[in-house]
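K.L.:
Sharing a structure here in structure tokens format.
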Amino acid sequence: MYAEKEGRQAYIDTLNEFFDAIAAPFNRNGGEILSFLGDGFLAVYPCGRHKDPSKIACEAALSAVHQARARVAELNNDREQKGLSKIGYGIGLHVGNVMFGNVGLKDRLTFSAFGSAVNEVQRLQVLTKKYGREVVASQAFAGYCGGEWTTLGEEKLRGIRQKVTVLQPRAPAPEINVDESFRDAEQNGLSEAEQVILLHRDAKKQVKQTSMEKFIQ
Numbered sequence: 002m003y004a005e006k007e008g009r010q011a012y013i014d015t016l017n018e019f020f021d022a023i024a025a026p027f028n029r030n031g032g033e034i035l036s037f038l039g040d041g042f043l044a045v046y047p048c049g050r051h052k053d054p055s056k057i058a059c060e061a062a063l064s065a066v067h068q069a070r071a072r073v074a075e076l077n078n079d080r081e082q083k084g085l086s087k088i089g090y091g092i093g094l095h096v097g098n099v100m101f102g103n104v105g106l107k108d109r110l111t112f113s114a115f116g117s118a119v120n121e122v123q124r125l126q127v128l129t130k131k132y133g134r135e136v137v138a139s140q141a142f143a144g145y146c147g148g149e150w151t152t153l154g155e156e157k158l159r160g161i162r163q164k165v166t167v168l169q170p171r172a173p174a175p176e177i178n179v180d181e182s183f184r185d186a187e188q189n190g191l192s193e194a195e196q197v198i199l200l201h202r203d204a205k206k207q208v209k210q211t212s213m214e215k216f217i218q
């Protein structure tokens, strides 16, 4: 609807501003944006199945959420001063087992995550509209994080047998040195999934570095 009203270029510019505000915090401190689709994106924080790595990953994701909310609020204030409409959004948070891999055509593969946890978090995100909240999380995710949470209700997600308790974070989580925490977790051993995504992330960093070196030369 916005694209039809404002035109293609205005929509793309707005979308890029929005992604710069909301998505950037999820692409650091152990996080990785795997894909953009339309006006949404999928970000993951790889972790092991034990409590401590999962706690670190969930706290990092929640910290990114609070940073993203502050950045979008700043963007909307700027848009309001320019006479532009505010940008609404919804974030879903979940923790679970996923698989990583390259899929697509032989000459055009895309690295992404798959599994029930991916489907669940997408369906959780849709509930932000039902509850009128910017951020919702599963009880599984909230259980790994500190801070206070408000229970919004129980939902039957499509394709999921058991009902999911939906919560909302009430206050920003305490600041933690997530980079150091992730380095400690990495030294304690990685699962195969973690190794795959970290190799993928490091490979992309190397490509960026090589491209920059070529540009400088």
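With the sequence shown counted from 1, adding 1 to any position gets you this note's numbering.
Cβ coordinates follow ideal geometry from the N, Cα and C atoms, glycine included.
As the structure is a prediction and not an experimental result, all values here were calculated from the model.
#1: At which residues does the alpha helix (DSSP H) containing ASN30 begin and terminate?
#2: Buried or exposed: which applies to PHE183, given that a residue is buried once 16 or more other Cβ atoms fall within 10 Å of its Cβ?
#3: In its own chain, which residues sit with a C-beta less than 6 Å from the C-beta of ALA22, not counting the 5 before and 5 after it?
#4: Ordered along the chain, which non-local residues of its own chain (more than five positions away) have a Cβ less than 6 Å from that of GLN123?
#5: Among the residues of its own chain, which have a CB less than 6 Å from the CB of ARG134, if the five just before and after it don't count?
#6: Considering only residues of the region 30-87, which uninterrupted beta strand (DSSP E) runs meet the minimum length of 3 residues and lie entirely inside it, listed in chain order?
#7: Just to confirm the assignment, what range does the alpha helix (DSSP H) spanning ARG124 have?
#8: Counting along the chain, where does the alpha helix (DSSP H) carrying ILE161 start and finish?
#9: Based on DSSP bridge pairs, tell me the residues matched to ASN103.
#10: Could you tell me which of GLU33, LEU16, GLY32 and ARG29 sits nearest to GLY41, measuring between CA atoms?
#11: Excluding the 5 residues flanking VAL104 on each side, which residues of the same chain have their C-beta closer than 7 Å to its C-beta?
#12: Could you spell out where the alpha helix (DSSP H) holding ALA11 opens and where it closes?
#13: On a Cα-Cα basis, can you pick out the residue from GLN126, ASN98, LYS164 and GLY39 that is closest to PHE115?
#14: Spatial neighbours of PHE142 within its chain, please: CB distance less than 6 Å, with the 5 preceding and 5 following residues excluded, ordered by chain position.
#15: Whose C-alpha, out of LYS107, VAL165, ALA62 and GLU18, is nearest the C-alpha of ASN78?
P.N.:
According to the structure data:
#1: No alpha helix (DSSP H) holds ASN30; DSSP gives it neither H nor E.
#2: Only weak support is given to the placement of PHE183: the predicted model assigns it a pLDDT of 48, under 50, and the question is left unresolved by the model.
#3: ARG72, VAL73 and LEU76
#4: none
#5: GLN169
#6: 33-38 and 41-45
#7: 117-132
#8: No alpha helix (DSSP H) holds ILE161; DSSP gives it neither H nor E.
#9: PHE112
#10: Comparing Cα-Cα distances from GLY41 to each of GLU33, LEU16, GLY32 and ARG29, the minimum goes to LEU16.
#11: LEU110, THR111 and SER113.
#12: Where ALA11 is concerned, the enclosing alpha helix (DSSP H) stretches over 9-23.
#13: ASN98
#14: CYS59, LEU94, HIS95 and VAL96
#15: GLU18
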